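Using this note's numbering, the final residue of the sequence shown is 243, and nothing's skipped along the way.
Glycine residues also receive a C-beta, built at the ideal position from the N, C-alpha and C atoms.
Being a predicted model, the structure only gives us computed values, none of them experimental.
To start, the structure under review is shown below, and the notes come after it.
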Amino acid sequence: MMKALGLAARDLPGKKLTDRTARKMNVKIVLMVKISIPRTLLAITVGVGVVFSVLDYRDWKRAETINFGKGSDETAAYKAAQTLVGPYTNDLAKIRMRYPDGWEVIEDPIFNPPAGGQDSKLVVFNFMDGKKYEVVKLKDLFGRATVTVSVQADNRDLNTIIDKEAVGTSRDREFINTDATNITLLTWIPSLDSQKVRQLALAKKNGKVYRMEVICEKTSWEILVKTFEEIYKSWVLI
């Protein structure tokens, strides 16, 4: 029968051949296991990474949706400006501005003399003596900040004045330009929270330089900075 099948007895694998085949199969199985383990671990790692990426994206998308229109975290830290009232007007110093509701307005008496009094004539004359006159001071009732407005006759170019004032500033100059006034801002921010931020707004008109100086607790700066910006925007040299 084996002859009919075309096989001779010597062609049968026998025990030795069977053992060799088994060993080869065992080697193949071991290799397959060795190869499949890293692949499995890689697949698991990739799968876990994909899952966490999807979850992270969902969390980010949810946060972006909630915070849409609120700006970055840095921007969101700054509080909205307080309501401004007024305006405060001083015809002698030629300034008009608005101020935060509830803040104390302290005017130098020399800039608010009795009608027809001699003091007003004296100030008009002395405006050209080069002395810096403080016109009015705004005080936060919580003691966090003051805003002082002064005027001084100065024939120098405004850029020259600004260059001299800008020594030691903490950041680049900023500009606020309105229909009424062009303002340059200089800012000094201290390294210690116990110190105070100083910001100086400068403008010039008719041979006189106007300064609006802010002194603010560093810990309150982010709370009030938007309020200061609105005060600057309301500032008119008349």
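Under the three-state reduction of DSSP, which class applies to residue i: helix, strand or coil?
i, result
"Lys213", "strand"
"Leu229", "helix"
"Pro114", "helix"
"Asn160", "coil"
"Thr224", "helix"
"Gly74", "Here Gly74 scores only 47 on pLDDT, less than 50, and its place in the model should not be relied on; the value that follows carries that caveat. Reduced to three states, the DSSP call for Gly74 is coil."
"Ser196", "coil"
"Ile181", "strand"
"Ser175", "coil"
"Lys137", "coil"
"Thr153", "strand"
"Val238", "Residue identity check: residue 238 is Lys in the sequence provided, not Val. If DSSP states are grouped into helix, strand and coil, Lys238 belongs with the helices."
Can the beta-carbon of residue i be found closer than 7 angstroms to that of residue j?
i, j, result
"Leu229", "Ala158", "no"
"Val156", "Lys238", "no"
"Phe116", "Leu97", "yes"
"Leu189", "Ile167", "Note on residue identity: the sequence assigns Thr, not Leu, to residue 189. Closer than 7 angstroms, so yes."
"Val241", "Trp226", "no"
"Asp184", "Lys223", "no"
"Glu170", "Val141", "no"
Taking 6 angstroms as the cut-off, does the CB of residue i come closer than this to any heavy atom belonging to the ligand FAD?
i, result
"Thr153", "This structure lacks the ligand FAD; in fact it carries no ligand of any kind."
How would you label residue i, buried or exposed, when you count the other beta carbons within 10 angstroms and need 16 or more for buried?
i, result
"Lys136", "exposed"
"Thr165", "exposed"
"Asp145", "buried"
"Gln200", "exposed"
If I measure Cβ to Cβ from residue i and keep anything under 8 angstroms in the same chain, skipping five residues before and after, which residues do I get?
i, result
"Gln204", "Leu190, Leu191, Thr192, Trp193, Glu218, Val219, Cys221 and Phe233"
"Gly74", "Only weak support exists for where Gly74 lies, its pLDDT of 47 falling under 50; the value from the coordinates is given anyway. Hits under 8 angstroms: none found."
"Asn95", "Arg101, Glu112, Phe116, Asn117, Val140 and Val141"
Can you tell which of the options has its C-alpha closest to the C-alpha of residue i?
i, options, result
"Gly173", "Ser196, Phe147 and Pro114", "Ser196"
"Asp162", "Tyr215, Met102, Thr183 and Lys223", "Tyr215"
"Asn182", "Ala206, Asn160 and Ser175", "Ala206"
"Asn211", "Asn160, Ala86 and Gly148", "Asn160"
Excluding the 5 residues flanking residue i on each side, which residues of the same chain have their C-beta closer than 7 angstroms to its C-beta?
i, result
"Tyr104", "Leu89, Val90, Gly91, Tyr93, Val110, Leu143 and Ile236"
"Thr186", "Ala208, Trp240, Val241 and Leu242"
"Gly107", "Leu146"
Got a sec? Which residues, its chain only, sit under 6 angstroms from residue i by beta carbon, not counting five neighbours each side?
i, result
"Glu179", "Leu190"
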